[in-house]
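In full-length UniProt numbering, the protein residues as written are 1 to 105.
Here's the structure we're looking at; comments come further down.
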(Lines of atoms letter the chains of each structure in order from A and count residues from 1; the text may use other names and numbers.)
(Lines give C-alpha, C1' and ligand atoms only; values in the text may rest on other atoms or scores of the structure.)
Protein backbone atom coordinates (compact mmCIF):
# COMPACT_ATOMS: atom_id res chain seq x y z
CA UNK A 1 0.00 0.00 0.00
CA UNK A 2 1.23 3.47 -0.87
CA UNK A 3 1.27 6.17 1.77
CA UNK A 4 0.39 9.60 0.40
CA UNK A 5 0.80 12.84 2.32
CA UNK A 6 -1.46 15.59 1.02
CA UNK A 7 -0.23 19.09 1.82
CA UNK A 8 -3.44 21.14 1.91
CA UNK A 9 -3.92 24.80 0.95
CA UNK A 10 -4.44 25.81 4.61
CA UNK A 11 -0.97 24.50 5.53
CA UNK A 12 -2.16 21.29 7.18
CA UNK A 13 -1.26 17.77 6.08
CA UNK A 14 -3.27 14.58 5.81
CA UNK A 15 -1.79 11.09 5.52
CA UNK A 16 -3.77 8.57 3.47
CA UNK A 17 -3.17 4.91 2.61
CA UNK A 18 -3.91 4.42 -1.08
CA UNK A 19 -4.63 1.04 -2.67
CA UNK A 20 -2.97 0.00 -5.93
CA UNK A 21 -5.11 1.08 -8.89
CA UNK A 22 -6.72 3.97 -7.01
CA UNK A 23 -6.17 7.55 -8.17
CA UNK A 24 -4.92 10.25 -5.84
CA UNK A 25 -8.19 12.08 -6.59
CA UNK A 26 -10.35 9.16 -5.41
CA UNK A 27 -8.23 8.72 -2.28
CA UNK A 28 -8.64 12.43 -1.47
CA UNK A 29 -12.41 12.29 -2.02
CA UNK A 30 -12.73 9.09 0.02
CA UNK A 31 -11.08 10.91 2.92
CA UNK A 32 -13.04 14.17 2.46
CA UNK A 33 -9.89 16.22 1.90
CA UNK A 34 -10.52 19.87 1.04
CA UNK A 35 -9.27 21.32 -2.23
CA UNK A 36 -10.00 18.38 -4.51
CA UNK A 37 -13.34 19.26 -6.10
CA UNK A 38 -13.37 16.74 -8.97
CA UNK A 39 -16.32 18.30 -10.81
CA UNK A 40 -15.98 15.90 -13.75
CA UNK A 41 -15.68 12.82 -11.55
CA UNK A 42 -12.21 11.95 -12.76
CA UNK A 43 -12.69 12.05 -16.53
CA UNK A 44 -9.85 14.54 -17.13
CA UNK A 45 -12.25 17.26 -18.24
CA UNK A 46 -12.22 20.02 -15.60
CA UNK A 47 -8.84 20.34 -13.80
CA UNK A 48 -10.53 20.82 -10.39
CA UNK A 49 -8.30 18.11 -8.94
CA UNK A 50 -5.07 20.02 -9.61
CA UNK A 51 -2.09 19.08 -7.46
CA UNK A 52 1.62 19.78 -7.47
CA UNK A 53 3.71 16.61 -7.66
CA UNK A 54 7.38 17.18 -6.78
CA UNK A 55 9.80 15.77 -9.35
CA UNK A 56 11.14 13.06 -7.04
CA UNK A 57 7.71 11.36 -7.08
CA UNK A 58 6.98 11.47 -10.83
CA UNK A 59 8.63 8.06 -11.33
CA UNK A 60 5.71 6.43 -9.51
CA UNK A 61 3.19 7.57 -12.14
CA UNK A 62 2.64 7.50 -15.89
CA UNK A 63 3.63 10.52 -17.94
CA UNK A 64 0.85 13.10 -18.41
CA UNK A 65 -1.31 12.64 -21.49
CA UNK A 66 -1.73 15.40 -24.06
CA UNK A 67 -5.28 15.89 -22.73
CA UNK A 68 -4.00 16.43 -19.17
CA UNK A 69 -1.23 18.76 -20.35
CA UNK A 70 -3.74 20.84 -22.34
CA UNK A 71 -6.02 21.27 -19.30
CA UNK A 72 -3.13 22.22 -17.03
CA UNK A 73 -2.02 24.89 -19.52
CA UNK A 74 -5.19 26.86 -18.73
CA UNK A 75 -4.65 26.92 -14.97
CA UNK A 76 -3.45 30.15 -13.37
CA UNK A 77 -1.57 28.29 -10.64
CA UNK A 78 0.10 25.78 -12.98
CA UNK A 79 3.82 25.14 -12.76
CA UNK A 80 6.27 22.44 -13.85
CA UNK A 81 5.04 20.18 -11.02
CA UNK A 82 1.34 20.45 -11.92
CA UNK A 83 -0.67 17.27 -12.46
CA UNK A 84 -4.33 16.31 -12.27
CA UNK A 85 -4.86 13.90 -9.39
CA UNK A 86 -7.50 12.01 -11.41
CA UNK A 87 -4.67 10.92 -13.71
CA UNK A 88 -2.30 9.81 -10.96
CA UNK A 89 -2.98 6.10 -10.54
CA UNK A 90 -1.10 4.43 -7.70
CA UNK A 91 0.90 1.35 -8.65
CA UNK A 92 1.46 -1.65 -6.41
CA UNK A 93 4.16 -0.02 -4.34
CA UNK A 94 5.32 0.60 -0.80
CA UNK A 95 6.18 4.17 -1.77
CA UNK A 96 5.69 7.26 0.35
CA UNK A 97 4.53 10.14 -1.84
CA UNK A 98 3.91 13.81 -1.10
CA UNK A 99 1.59 16.04 -3.14
CA UNK A 100 0.52 19.62 -2.60
CA UNK A 101 -3.14 20.35 -3.29
CA UNK A 102 -3.41 23.48 -5.41
CA UNK A 103 -5.09 26.48 -3.86
CA UNK A 104 -8.23 27.00 -5.94
CA UNK A 105 -8.96 30.50 -4.63
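Virtual Cβ for every residue (Gly too), placed ideally from N, Cα, C.
Original post:
Looking only at C-alpha atoms, which of 64, 90, 1, 86 sits nearest to residue 48?
Top reply: Here residue 48 refers to the residue found at position 48 of the chain shown. It is 86.
Original post:
CA-CA distance, residue 8 and residue 25?
Top reply: What you label residue 8 is simply residue 8 of the chain shown in a count that begins at 1. What you label residue 25 is simply residue 25 of the chain shown in a count that begins at 1. Taking the straight line from one Cα to the other gives about 13 angstroms.
**OP:** Starting from the C-beta of residue 71, find all residues in its chain whose C-beta is less than 8 angstroms away, skip the five residues before and the five after it, and write them out in chain order.
**Re:** Numbered from its first residue, the chain shown carries residue 71 at position 71. Cβ neighbours of residue 71 beyond the five flanking positions: 44, 45, 46, 47, 84.
**OP:** Can you grab the Cα-Cα spacing for the pair residue 6 / residue 100, in whole Å?
**Re:** Along the chain shown, one-based indexing puts residue 6 at 6. Along the chain shown, one-based indexing puts residue 100 at 100. Approximately 6 angstroms, taken between the alpha carbons.
Original post:
If you draw a straight line from the alpha carbon of residue 89 to that of residue 64, how long is it in whole angstroms?
Top reply: Stepping through the chain shown from its first residue, residue 89 is reached at position 89. Stepping through the chain shown from its first residue, residue 64 is reached at position 64. It is roughly 11 angstroms from the alpha-carbon of residue 89 to the alpha-carbon of residue 64.
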